[in-house]
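This report refers to the structure that appears directly beneath it.
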Amino acid sequence: MRESLLLLLLKILVLKADFYLLEILNGNANLLSLANDRIESVHEGLKLLMTFVANVPEESSDHLEFILTNIEAVAKRIIYLYHSVLTNKITEELIERMYLTLSELLDQIKINKAKLRELYPQVQGSCFPKTNGLGCVDFLLRNLKELQTHKSKSIATVKNQIERIQGDMEFFRSFLNDRVKESTQHQELKGLGERITEVAYKVEYVIDSIEVGIGDHLQHLLWLDSLLEDISHIKKEAVKSYQKKTCDGIPHNVTRSSDHMISQVSAPEPDEVVVSLSDQEEVIIDRLIKGSLQQDMVSLVGMPGIGKTTLAKKLYNDSRVTYHFHIRAWCCISQVYSKRQVLLDILSNISGLTDYIHKMTDEDLDLELYQQLKGRRYLIVMDDMWSTEAWDDLERSFPDDKNGSRLLITSRIQNVALNAKPNSDPYLLRLLTDDESWSLLQLKSFHGKGCPTELLGVGKEIAQQCKGLPLSVVAVAGLLERTEKKPDLWKQIVDSLSRRLIDDPQTQCKEILELSYEHLPYNLKACFLYFGAFLEDKDISVRKLIWLWIAEGFIKKSEEKSLEDIGEDYLMDLISRSLVLVSKRRSMGRVKTCRVHDMLHDLCLSRSKEEMFLQPITKYNDVDFDLYYPSKPLIYERHRLCICLERRHFIKSKPSGPRTRSLLFSAIADRYPRCPYDITFIFQNFKLLRVLDLESINMGMFFPIGFDLLVQLRYLAVSGDLDSIPSSIASLWKLETFVVKGLKGMVVLPVIIWSMRMLRHVHVNSCAMFDLQDDQLESSLVLDNLVTLSTPALSGGKETVKILRRFPNLHRLRCIVFESPSSPMGCDQFAQFDILNQLESLNISGRALNQGELSFPLNLKKLTLSRLRLPWKHMSAIGRLQNLEVLKLLSNAFEGRIWDMREGEFLKLKFLKLDSLNVVEWNATCDHLLNLQQLVLRHCKELEAVPFSFGEIPTLLMIQVQRCGLSTEESVRDIEEQGIEGLKIFISH
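Written as structure tokens, this is what we have:
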């Protein structure tokens, strides 16, 4: 009872001191001008002590008694100061005494803070990434600005501290910008940069914790106070370094500086450079398309980086091979082998994956593949085979109909190839000679131009250091391309490679890859390491990759370019450095999917571990969930978790990451991929997530309870048997990318989505409907930042116009059009897309029954139409689009037996694809498609011929014909026989 009374008296005393201090602050202006900063510092410290007094722990201790006694002394001292100021005339002596008292108060408060920190856990820096410091500071400042704009109530009580931190972070950003080149080489600056990086991550963690509600208010104040002290010390040291001559003791940087304004770099050609083994290539091609009619296996064997996959791709895409085989399919076996995934990969190449196929058991998939291959001549490539287990599992799926079918495998282990086909000798890929290495290095570094005389000697020396391994050559060439063409700078690279005597080509390759990573500019290091978040040997969607980079804060905003364009520049830079491989390209050559070589993937993981960038979780490096389920959730401390497990193992392990900012789940194929799971634990165990990718797990019919607590989310990808999105999605006000994989079909988006102003990309894979009533259609809310939208269902008429006006800056739209049952008969059913004047890519499918005049935006560059059954007379509306470069007509987009092209249309068209159309007669000349570069024809079985004069189109580079009629193939052969230089013809049955 006595203790409670004493504590109550102390609370009254502290409140009284706070009141008096405010009176001083609001009182004498002359006094205030002399001691304002110190008085405010005392007041800020007193508020922290007041918070503690209001929430004193129940457990009594000597430590606690000491703190309370000190707080009482501080309060009494402030009250005494107030009375001194109030009752005495302001003199120099009084001001001196006041200064002394304020200094003593600050010392006492400092002692109390130190004691309080012993009672409460502080933010430890050991768990935060050590890389991307400037990027972290940039992203932190962006977050703080957004919080101020959003007027978040959660940070109102610490507004002053955040404003001070914001000012200091602006200074740190300027400091790091000026020192970004030197920081990788000058130890003093490097250490300072690391401390700034750590404190920036700590600040981010604390402010986000305050916003989410992790910890109590006193903890928040103590955290911020401690951080402000750390920032003050670091800032003093940074200011000192500014006063030094930055050139003193700092060596010349080998590579040219590169920030987000990357110089334009063209991506490598689709055909990767491969060891020139023309004699061996011809032997392999002969064995593939000639020889025995019995099913045969061809094996390519060699060490990592020697070019097995690259050579296999070259063979796979050879025009003679594509023409010979009815079916070609490519799959990657990889070290983590999954029979189901391999079967799905092969089937996706042959016929595509339907819901029916996804629901099959492994045994049914075996049978399905066998039946699809039966009676047809096929080529199946199985890349990166580590053991014969895969071949033993899959052998019965490949029928031998004595028709010349072939299997092509690549492996780094010779015994694997011999065991899979004992009576077939594998092809052992050899290392390059020094001359071949130098030729390849020149080709990659100078793009076919000759090497300057002054670089010949050092260039050949670098080529020799590559030990004949092609991956080493192309990696070092990527480094040289960004190094000034000066012998002394190239010599530095030679010195870096020859520090240790290494005879093993593979070990030397690792050294070269490490060197390539070290010389990446700061903004590319994080982007490169992020490839470790994806499964080895898997193709990665470039669009998804860049969306994730943006959400992670790797890409800095620019006035000149969009975040997405800058992200694409980053990727192209990594590709041109030979650190990232192109897997597939889009119609106009832009990269669609990419991947990294196995050795580079290993580098990503090893560096990520060293720099605490991300942590992969698999049954191979943590817990074997087939044998053991933990009784408690597995707690992880890393900033990013990349979990690769079977779905049931992931759910039962119930991982937890109190500081984790990114959670990416990749499911290893299991027998029941569509089985729904309860994922509610994620929203309790990962409260600070910024990125959440659950696209490969079915979360059921409803969004789990608690998902709206993840207010830091910027990227959210989910999958489930959903038919609607709840209105509570609006709580995720920072959300920029929202991906929904609806497994049942249509998904209804809530009205509240119009208030989510930060959305940039909304992708619903099946079909999305907007839940709008007539009165809501008149709302003025618009999504100014939205640039990508897939796949809304749109009808014609005024309703659609009102919806489309909500997206004034949309760049890409994929939609389904349908006839609205409420529309009167005979009205215009085709949506008017011309109001989207920023639109560049448009994909429309569905059925427009009462077609009116087609209207598209004039800026449109890419148009894809399918299942619309439009008459050919409407083609002129498309032909008049002056900026159109890509046109794809798929699945009866147009109906009619005759297509008459008109002059003066399609002036910029470069890519034309016709797929599954019933057109018979195509009346056109070379004058109708003056700038065409690629023509693709698929499943146009009734088409009689490709116009012969197309061979005269000066820009035409490629004609591809797949599963069309014989007369079509013959017409293309006639064009080929003209021997047009640079024109490639691909025909497959």
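Numbers -17 to -1, 1 to 972, taken from mature numbering (1 follows the signal peptide of the UniProt record, and there is no 0), label the letters of the sequence shown in order.
For each residue, glycine too, the CB sits at the ideal point set by N, CA and C.
Residues bridged to residue i [DSSP beta-bridge criterion]
| i | result |
| --- | --- |
| D898 | L873 and R921 |
| S824 | R795 and K845 |
| K724 | S702 |
| C627 | S649 |
| K567 | T576 |
| Y361 | I310 |
| V393 | Checking the displayed sequence, the identity of residue 393 turns out to be Thr instead of Val. L283, per the DSSP bridge assignment. |
| Q969 | According to the sequence displayed, residue 969 carries Phe and not Gln. Answer is Q943, bridged to F969. |
| I618 | S639 |
| Q598 | L624 |
| H66 | In DSSP, H66 forms no bridge with anything. |
| S750 | The residue asked about is misnamed: residue 750 is Cys in this sequence, not Ser. Answer is M729. |
| L853 | F877 |
| L777 | V800 |
Residue i, buried or exposed, once every other Cβ within 10 Å from all chains shown has been counted against 16
| i | result |
| --- | --- |
| H66 | exposed |
| S561 | buried |
| K845 | buried |
| L531 | buried |
| Y63 | exposed |
| E719 | buried |
| G962 | exposed |
| E629 | buried |
| T74 | exposed |
| L764 | exposed |
| Y698 | buried |
| E551 | buried |
| L(-9) | exposed |
| T663 | exposed |
| L769 | buried |
| E252 | Low confidence applies here, because E252 scores a pLDDT of 48, under 50, leaving its location unreliable and the question unanswered by this model. |
| G536 | buried |
| Q202 | buried |
| F2 | exposed |
| N866 | exposed |
| W421 | buried |
| E953 | exposed |
Short Cβ contact (7 Å threshold) for residue i with residue j
| i | j | result |
| --- | --- | --- |
| G829 | V800 | yes |
| M729 | D704 | no |
| D151 | K223 | no |
| L777 | T783 | yes |
| G108 | I179 | no |
| R642 | R673 | no |
| L210 | K185 | yes |
| L853 | D191 | no |
| F308 | L362 | yes |
| Q821 | H794 | yes |
| L557 | F511 | yes |
| P409 | L452 | no |
| G515 | L583 | no |
| C577 | S570 | no |
| L900 | L939 | no |
| I50 | K98 | yes |
| G215 | E519 | The question names Gly, but residue 215 in the sequence shown is Ser. In this structure, E519 does not lie closer than 7 Å to S215 by Cβ. |
Nearest-angstrom beta carbon gap, residue j and residue i [assumed within contact, 8 Å]
| i | j | result |
| --- | --- | --- |
| I272 | R303 | 6 Å |
| V731 | D691 | No, V731 and D691 are not in contact; Cβ-Cβ is about 17 Å, not under 8 Å. |
| residue 973 | I626 | Any answer about residue 973 is impossible in this case: the structure gives the chain only from -17 up to 972. |
| F879 | W905 | Residue 879 is actually Gly in this sequence, not Phe. In fact, because the Cβ distance is near 11 Å, the residues do not count as touching under 8 Å. |
The ligand ZN heavy atom lying under 6 Å from the CB of residue i
| i | result |
| --- | --- |
| K223 | Ligands are entirely absent from the displayed structure, and the ligand ZN is therefore not among its contents. |
The stretch 918 to 927 contacting the stretch 890 to 897, beta-carbon criterion three pairs below 8 Å
Cβ pair count under 8 Å is three or more, so yes.
Can you confirm whether the stretch 947 to 957 touches the stretch 923 to 935 when touching is taken to mean that 3 or more C-beta pairs between the two stretches lie within less than 8 Å?
yes
Under 8 Å: do the stretch 124 to 143 and the stretch 615 to 622 share three or more Cβ pairs, one atom per stretch?
no
For the stretch 522 to 529 and the stretch 468 to 478, state whether three or more C-beta atom pairs, one from each stretch, are separated by less than 8 Å.
no
Just checking, does the stretch 317 to 325 make contact with the stretch 380 to 393 on the three C-beta pairs under 8 Å criterion?
no
Are the stretch 347 to 364 and the stretch 311 to 321 touching, with three or more C-beta to C-beta distances below 8 Å?
yes
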